[in-house]
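Have a look at the structure below, then the notes.
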Amino acid sequence: MKQYYVYILKCSDNSYYTGFTNDINRRLNEHSFGLNKECYTYNKRPLQLMFYTEFNDVLQAIAFEKQVKGWSRKKKEAIINNKWEDLKKLSECLTKQITRISVRTSSRSPAFDYAQDDNSVQYHR
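Last residue of the sequence shown: number 115 in this note's numbering, and the count goes up by one each step with no gaps.
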């Protein structure tokens, strides 16, 4: 079964870059060696892989990448540091006017509305 990955890199300027790929090693090499001059990370090397997670479903991986790209630095650091309770607190709506965008799934994990609990999603630091 094909695997898809969402990853977070820490750049030399301490910013974070979130990306999506179907080949994590190839993509990390592309970032590290600066093979794409148009990429955000090109002038921000060296880079450090802080987090990645695997998906079996390409649509879930893309949705998660988009979600993480919209997160605050504190939320990104919560998943990097495996602090799921902090992520939940940071994700709580402060007003009832804010609605969540959800992705269809059969079950939910404690931290993500769309992640499956059936081991098809694996988290790595």
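Glycine residues also receive a C-beta, built at the ideal position from the N, C-alpha and C atoms.
Please read all numbers here as calculations on a predicted model, not as lab measurements.
Judged by beta-carbon spacing, L37 lies beyond the 9 Å limit of K79, meaning their Cβ atoms are not closer than that value. For K34, the closest C-alpha among the options N71, Y(-3), K73 and S5 is that of S5. A direct Cα-Cα distance of roughly 9 Å separates Y42 from T8. Uninterrupted alpha helix (DSSP H) stretches at least 4 residues long and entirely within the stretch 9 to 61 occur at 14 to 22 and 48 to 59, given in chain order. If the five residues before and after A68 are omitted, its C-beta is found closer than 8 Å to the C-beta atoms of W74, D76, L77 and L80, all from its own chain and listed in chain order. Note: L77 is not bridge-paired with any residue in the DSSP secondary-structure output.
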